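Chains as they are written, first to last, in our numbering: chain A, 1 to 255; chain Z, 256 to 362.
C-beta atoms are modelled at their ideal positions from N, C-alpha and C, and glycine is treated no differently.
Owing to the predicted nature of the structure, the values given are computational and were not obtained by experimental measurement.
Below: the structure, in structure tokens.
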């Protein structure tokens, strides 16, 4: 991983590169002398919190660019690795950065980092001082991560759900995932960004042992409706999702 | 013309909110959960400001968030924060440019 980060650091204008996980733990870094490990660790913690906030507003975020008076901070989501942890690549750059060159180099580095993280080739912060180790996954046949969330414990996975940020629950099929997305969006009208958390909790209540399936959709809507205080709003929420439900079943009934 | 009117006047912008770095809600256009968005974006902007200070990057000017389906532009002016939801991620650059042009025109 050090080699990959070093390749980014070699770009004109890049002053530091780091990879951290969703807990704000620094996994690896490369940088000019001023960007030492302590500083990068501290910044990783803050950036992990910033990413959590971003997830509330835009669960499908892939890139974040912060423009400052004297430089730029670029974050790229590396998705979830096999251990279920999210990872982020960060670059600290000054005005000399050529955005076009950087875009290509970052894409290449991201693909390599995803392989390294998936294949267990992630260097821990403890061995950063060691010479770059060979990247076993980079030369193996393990395909690169496609950012699809994978449940670490059950082995179940789902797709089509990352846009809601509902990353800790399992669904039976893409239609169920789409339904959860609709629920989260509709509920957000009444309760705000916390809606995603409510949906996660509700799924655990109505479908505690099995991946969420559409068969449990009505129970879920009833459970979620309980989070809305205003009676009229609660009614609107139920009606909107029931209408979607009818439309979905009509679509399924068509030959 | 206010900053919020200016930004929501752009065809690529679906909705926008005006708040501050403390997450206080001031105004919203086409956004039903203005308070929630202000809270999240204010928190985000204050954290990124803190990071920029620590890394010696100077004052934060804007943050762009991009995903598969939509994007957000968080624009800072003093302690005011404008968060705009952009319909297509590809249109983010146009929104940022329009914002920069508008600010330069006022200087």
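Cα atoms of residue 351 of chain Z and residue 328 of chain Z: separation of roughly 7 Å, rounded to the nearest angstrom.
Counted as a single uninterrupted DSSP element, the stretch harbouring residue 82 of chain A is not any beta strand (DSSP E), since DSSP gives it neither H nor E. In the structure shown, the three-state DSSP call for residue 1 of chain A is coil. For residue 298 of chain Z, the closest Cβ of chain A is nearer than 8 Å. The C-beta separation of residue 325 of chain Z from residue 58 of chain A comes to about 7 Å, placing the pair in contact by the 8 Å criterion.
Proximity of residue 181 of chain A to chain Z, defined by a Cβ-Cβ separation below 8 Å, is not satisfied.
Contact check for residue 191 of chain A against residue 228 of chain A passes: the beta carbons are separated by less than 8 Å.
287, 288, 290, 291 and 292: these are the residues of the stretch 265-292 of chain Z whose beta carbon lies less than 9 Å from some beta carbon of chain A, given in chain order.
With fewer than 16 other Cβ atoms inside 10 Å of its own Cβ, residue 359 of chain Z counts as exposed. Residue 272 of chain Z has its alpha-carbon roughly 28 Å from the corresponding atom of residue 91 of chain A. Put simply, the CB of residue 346 of chain Z is far from chain A, with every gap to its CB atoms at 8 Å or more. Unbroken beta strand (DSSP E) stretches of 3 residues or longer found wholly inside the stretch 18-67 of chain A: 26-31, given in chain order.
In terms of Cα proximity to residue 322 of chain Z, the closest of Z/313, Z/307, Z/312 and Z/342 is Z/342.
If you check each beta-carbon in the stretch 46-75 of chain A against every beta-carbon of chain Z, the ones closer than 7 Å belong to 46, 47, 49, 50, 53, 54, 56, 57, 58, 60, 61, 62, 63, 64, 65, 66, 67, 68, 69, 70, 71 and 73. When rounded, the separation of the alpha-carbon atoms in residue 119 of chain A and residue 109 of chain A is 15 Å.
For residue 238 of chain A, not one C-beta of chain Z is nearer than 8 Å to its own C-beta. Residue 19 of chain A places its beta carbon 8 Å or farther from that of residue 73 of chain A. Within the stretch 169-199 of chain A, 188, 189, 192 and 193 place their CB atoms closer than 7 Å to a CB of chain Z, listed in sequence order. Note on geometry: alpha-carbon atoms of residue 263 of chain Z and residue 95 of chain A lie some 29 Å from one another. Interface residue (Cβ-Cβ distance to chain Z less than 8 Å): residue 92 of chain A is classified as such. Nearest in C-alpha terms to residue 297 of chain Z, of all of Z/338, Z/353, Z/287 and Z/285, is Z/338. DSSP links residue 322 of chain Z through a beta bridge to A/61.
Note that the C-beta distance between residue 299 of chain Z and residue 317 of chain Z is not below 8 Å. Counting the other Cβ atoms within 10 Å of the Cβ of residue 313 of chain Z gives fewer than 16, which makes it exposed. Residue 66 of chain A places its beta carbon less than 8 Å from that of residue 315 of chain Z. Straight-line measurement puts the Cα of residue 225 of chain A at about 39 Å from the Cα of residue 306 of chain Z.
Neighbours of residue 43 of chain A in chain Z, taken as residues whose beta carbon is under 8 Å from its own, are 306, 309 and 310 in chain order. Counting of Cβ neighbours within 10 angstroms places residue 55 of chain A among the buried residues, the total reaching 16 or more. Annotation: the stretch 157-245 of chain A contains the following complete segments of the alpha helix (DSSP H) (minimum length 4 residues), in chain order: 174-191, 195-206 and 217-225. Beta-bridge pairing by DSSP links residue 333 of chain Z to no other residue. Contact residues of the stretch 14-42 of chain A toward chain Z are 15, 16, 34, 35, 39 and 42 (C-beta to C-beta distance below 9 Å).
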